[in-house]
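As numbered in our numbering, residues 1 to 107 make up the sequence shown, in order.
We put the CB at the ideal spot given by N, CA and C, even for glycine.
All values reported here derive from a predicted model rather than from experimental measurement.
Since the structure comes first, as C-alpha cells, the remarks are kept for the end.
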Amino acid sequence: MSLTSKITLGLAVTVSSAIIGYVHYKQSEDRLKLHEGVIRDVEQQQRRKHENRYTLQQQIDMTKQLKALEASAPSQSQSQSQPVQQPKSPATNLKASDKEPSSTDSV
C-alpha cells in the first residue's frame with residue numbers, strides 16, 4: 001500500500017469516526033432537551049392546576065359570601081320596609097260570570 005492510500009484511508013476513518021461521534025452526541029443532547037421539555041410541560045400543568053384550584057376556591061368563597069349577603073339583605077329590608085302584601089287567591093280573581101253557571105251550560 002502506498003503512503004497516499006494509507007493517508008487517505010486514515011483520513012476517511014478519522015472523518016467517519018468524527019461524524020459518527022458527532023451524530024451520537026447530537027442525538028443524546030436532543031433526547032435530553034426533549035426530556036427537559038416534557039418535565040417543563042408537566043411543571044406548567046401542575047402550576048396551572050394549582051392556579052385553577054386556587055381560583056376555584058376563591059370563587060366558591062365569594063359565592064358563599066354573596067349568598068350570605070343576599071340572605072341577610074332581604075331580612076334587613078323587610079324589617080325596614082312595609083310588610084309585603086299577600087297575593088289574592090285565584091277564586092277572588094274570577095269574574096262573576098265565571099262563578100255562576102249560565103243557562104246555556106246545562107243542556
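- M62 carries a helical assignment under DSSP once its states are collapsed to helix, strand and coil.
- The three-state reading of DSSP puts S2 in coil, since its state is none of H, G, I, E or B.
- A straight line joining the alpha-carbon of R40 with that of Y54 spans about 21 Å.
- Rounded to whole angstroms, the gap between the alpha carbons of K33 and I19 is 21 Å.
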